[in-house]
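Under the working numbering, the sequence shown is numbered contiguously, ending at residue 93.
C-beta atoms are modelled at their ideal positions from N, C-alpha and C, and glycine is treated no differently.
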Amino acid sequence: MKILIINFNLEGQTREEYDAVGIEAAPLFTKVPGLISKHFLEDDDTNTYGGVYVFEDQESLDNYLKSDIFEMINSNPKWPNVTTRIFGVIEAPSLITGAKTKSSF
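Structure, rendered in structure tokens:
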């Protein structure tokens, strides 16, 4: 499993407008091959938003990074300062805490 964390700021878009875009776009993420889940992030105090994405494997994550959806996020002028971080998952302790990991599917 792989975790992708994307962060960006809002510029020229209110939080309410951003939330509406998220609701409209959410169904697109259900069709991303290999994406197990996506959590939308917000920190209004620091104007930081984004998502935590859980992928089945590196190949699925790599394909997402080449997708139109990712390009839309990365090139949106209302979402400047895009950063990405990729992490692996340590399965044994994650399973103990109830997380769904590759071996639990």
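Enclosing alpha helix (DSSP H) for residue i [first to last residue]
i	result
isoleucine 84	79 to 84
glutamate -1	Here glutamate -1 belongs to no alpha helix (DSSP H), and DSSP marks it neither H nor E.
serine 96	For residue 96 there is no data in the structure shown, the boundaries of the chain being -11 and 93.
aspartate 33	Aspartate 33 -> no alpha helix (DSSP H), and no H or E assigned at all.
proline 15	3 to 17
Residues bridged to residue i (per DSSP)
i	result
leucine -8	Tyr41 and Ile74
leucine 23	Phe43
Burial state of residue i (16 or more Cβ within 10 Å)
i	result
lysine 26	buried
lysine 54	exposed
methionine 60	exposed
serine 48	buried
lysine 66	exposed
lysine -10	buried
Neighbourhood of residue i by C-beta, 7 Å cutoff - its chain only, sequence neighbours within 5 removed
i	result
tyrosine 6	Leu(-2) and Tyr37
Proximal residues to residue i (C-beta, below 6 Å), its chain only, five neighbours per side dropped
i	result
glutamine 1	Lys66
task: Inspect the CB distances between the stretch 10 to 17 and the stretch 71 to 88 and report whether three or more fall short of 8 Å.
output: no
message: Using a Cβ distance threshold of 8 Å, determine whether the stretch -8 to 9 contacts the stretch 22 to 41, with at least three qualifying pairs required.
response: yes
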